[in-house]
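Residue numbers (our numbering), protein chains in the order written: chain A, 21 to 399; chain B, 15 to 134.
All C-beta atoms in this analysis are idealised placements derived from N, C-alpha and C, irrespective of residue type, glycine included.
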């Protein structure tokens, strides 16, 4: 991305400014990093009530088979992701990964079965590349559209359901990873029960022209506070969720990244449609033999946060390197620093003591189970 | 005498000792602090050297030594409760006291009016 190109704006840009947000460049967009309440309060409010996030910078893609059959769309997409898409029922959503020929991760995404088409949500920083990748490999058999006329918001936290139920009573019947279409304030929206915080919550795709109106009305609810990218990052980190570009990228495989759960049986060795995605040979071999390193949770023992990029060692003198921190910060709900990163296989057991190099010191940090907070998904 | 730096530190100078902290503007920009690391008493620091580190939820930032000198006291209260820096940056949230090698060097720093112009 050219850092000198003008920043793009989401349909909620004016709303952010009116709410007093501090704006920063992120993935080519001018985005709110925090509002006047600040990262700490925004984080805690999301876990105790409900937080509203603008994630309109993310890519929303419609994938429709030229045959018109959803099965053909699913099988086409399976050529690019190690995910059971064919087995995804109508009205359901599933996490997925685009892999490259090395079995490494090009992006992570959400895949929803919308009945006659698939609806994908991909990362902002990857959306042009993802769309070109889809066009190149699936363009002959599928029609693809990268939507530029829809906003995407997330409402997350224990009060999210009650807030939305005032607008659409049936929201309570949705389970985690259900997707449905419903009118909010008479605006047709696509709603999924999912998110990036570890909390119960919803992600809502709204036509751009109505996005500010719908969002303002949700924000009028006393339980709802706008949340910036700062708290979005600390929330997802406590929840143990990967950030593409930090924790997963084109140097990590799904097995390295401890994302085996995102590859259903049908695509694994011995499955009905085993392999058949880029880099399958590498990934399936790692499934059997293991990888040389693995993503783990890391809990710093002191008060000092340990940030992404910090090298990890087996010893307090920094002699035996064992890995690297990929994301780290302070967890406001955990009330201690939290991190994740990669360690070699000898150091992956929970409770293993390792040392992170921070400003020339070697700080004790313990391999710990993810997530750092208990998710409250409504399964 | 109250002085400021363009790195957003304030210095309250009494004799040859400066009490140093970060400005309200800097504290606001950093956001909620969760960790502060301060230099030990007796540490000699040159102007521009890293004297302290502060961390918000999101990021770490260095606090630089505003003048040549020796640390004579650090504020343990902000180590124990970093939020003091956000709530009272130019009072209880002071960082350290610096015995100045050359007190006259402080004359070259910004006065309050010049600092306010800098952040305007």
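- Query: What span of residues does the alpha helix (DSSP H) with residue 151 of chain A cover, start to end?
  - Reply: Unbroken alpha helix (DSSP H) run through residue 151 of chain A: 147-158.
- Query: Residue range of the beta strand (DSSP E) that residue 60 of chain A falls in?
  - Reply: It is not in any beta strand (DSSP E) - residue 60 of chain A instead sits in the alpha helix (DSSP H) that spans 59-68.
- Message: The beta strand (DSSP E) that contains residue 116 of chain A, what's its start and end?
- Response: Residue 116 of chain A -> beta strand (DSSP E) spans 113-119.
- Item | Under the three-state DSSP convention, the category residue 4 of chain A falls into | The structure shown does not extend to residue 4 of chain A, since chain A is modelled only from 21 to 399, so the question has no answer here.
- Message: Taking only three categories from DSSP, how would you classify residue 188 of chain A?
- Response: Here residue 188 of chain A sits in coil by DSSP.
- Closer than 7 Å by C-beta to residue 21 of chain A: which residues in its own chain qualify, once you throw out the five before and the five after it? Chain order, please. Below a pLDDT of 50, predicted positions are generally treated as unreliable, and residue 21 of chain A, at 47, falls in that range; no measurement from the model is reported.
- Proximity of residue 210 of chain A and residue 230 of chain A at Cβ, strictly below 8 Å: No.
- Residues of chain A with a CB under 8 Å from the CB of residue 68 of chain B: which are they? Scanning chain A for C-beta atoms nearer than 8 Å to the C-beta of residue 68 of chain B yields nothing, as the closest lies near 11 Å away.
- With respect to the alpha helix (DSSP H) encompassing residue 307 of chain A, which residues constitute its N-terminal and C-terminal limits? Residues 300-309.
- Task: Consider the Cβ of residue 44 of chain A: report whether some Cβ of chain B lies at a distance smaller than 8 Å.
- Result: Judged by the 8 Å Cβ criterion, residue 44 of chain A is not in contact with chain B.
- Message: Can you tell me whether residue 126 of chain A is helix, strand or coil according to DSSP?
- Response: Residue 126 of chain A: strand per DSSP, three-state reduction.
- Task: List the residues of chain A that residue 54 of chain B touches, going by C-beta distances under 9 Å, in chain order.
- Result: Within chain A, no residue comes near residue 54 of chain B; the closest Cβ sits about 13 Å away, beyond 9 Å.
- Item | Alpha carbon of residue 379 of chain A to alpha carbon of residue 360 of chain A, nearest angstrom | Residue 379 of chain A and residue 360 of chain A: Cα-Cα distance of roughly 19 Å.
- Item | As assigned by DSSP and simplified to three states, the class of residue 247 of chain A | Coil at residue 247 of chain A, not helix or strand.
- residue 266 of chain A by DSSP, collapsed to three states: which one? In this structure, residue 266 of chain A counts as coil in the three-state DSSP scheme.
- For residue 72 of chain B, which residues in chain A fall below 8 Å Cβ to Cβ? Neighbourhood of residue 72 of chain B in chain A, by CB distance below 8 Å: 53, 59, 250, 253, 254, 349, in chain order.
- Item | chain B within 8 Å of residue 259 of chain A, Cβ atoms only | With 8 Å as the cut-off, residue 259 of chain A does not count as an interface residue toward chain B.
- Please report how far the alpha carbon of residue 61 of chain B lies from the alpha carbon of residue 120 of chain B, in whole angstroms. If you take the alpha carbons of residue 61 of chain B and residue 120 of chain B, they lie about 11 Å apart.
- Item | Three-state secondary structure assigned by DSSP to residue 396 of chain A | In the three-state scheme derived from DSSP, where H, G and I count as helix and E and B as strand, residue 396 of chain A is classed as coil.
- Query: Excluding the five sequence neighbours on either side, which residues of its own chain have a C-beta within less than 7 Å of the C-beta of residue 312 of chain A, listed in chain order?
  - Reply: So the qualifying residues of the chain are 364, 365.
- Collapsed DSSP secondary structure at residue 163 of chain A in the structure displayed: Three-state result, residue 163 of chain A: strand.
- Message: Can you tell me whether residue 365 of chain A is helix, strand or coil according to DSSP?
- Response: Helix, per DSSP.
- chain B within 8 Å of residue 325 of chain A, Cβ atoms only: True, the Cβ-Cβ gap to chain B drops below 8 Å.
- Simplified DSSP assignment, three categories, for residue 72 of chain B: Under the three-state reduction of DSSP output, residue 72 of chain B falls in the coil class, being neither helix nor strand.
- Query: Which term fits residue 108 of chain B, buried or exposed, when burial requires 16 or more other beta carbons within 10 angstroms of its beta carbon?
  - Reply: Counting C-beta atoms within 10 angstroms of its own C-beta, residue 108 of chain B has 16 or more neighbours from the protein chains shown and is therefore classed as buried.
- Query: Is residue 51 of chain B close to chain A, meaning its C-beta is less than 8 Å from at least one C-beta of that chain?
  - Reply: So, interface residue.
- Task: Use the C-beta contact count for residue 357 of chain A: other C-beta atoms within 10 angstroms, 16 or more gives buried, fewer gives exposed.
- Result: Residue 357 of chain A should be labelled buried.
- Report yes or no: do the stretch 309-328 of chain A and the stretch 347-357 of chain A share at least 3 C-beta pairs separated by less than 8 Å? Flag = yes, the stretch 309-328 of chain A and the stretch 347-357 of chain A touch.
- Decide yes or no for the touch test of the stretch 91-103 of chain A against the stretch 280-288 of chain A: beta carbon pairs closer than 8 Å, at least 3 of them. A contact exists between the stretch 91-103 of chain A and the stretch 280-288 of chain A.
- Task: For chain B, find out if any of its Cβ atoms is closer than 8 Å to the Cβ of residue 67 of chain A; answer yes or no.
- Result: Residue 67 of chain A does not count as touching chain B.
- Interfacial residues, the stretch 353-382 of chain A to chain B, with Cβ spacing under 9 Å: Correct list: 357, 378, 379.
- Under three-state DSSP, which class holds residue 425 of chain A? Within the shown structure, residues of chain A are numbered from 21 to 399, placing residue 425 of chain A beyond reach of any answer.
- Residues that DSSP places opposite residue 50 of chain A in a beta bridge: Per DSSP, the beta bridge partners of residue 50 of chain A are A/45.
- Item | Proximity test, Cβ basis, 8 Å: residue 77 of chain B and chain A | No - not a single Cβ of chain A is within 8 Å of the one on residue 77 of chain B.
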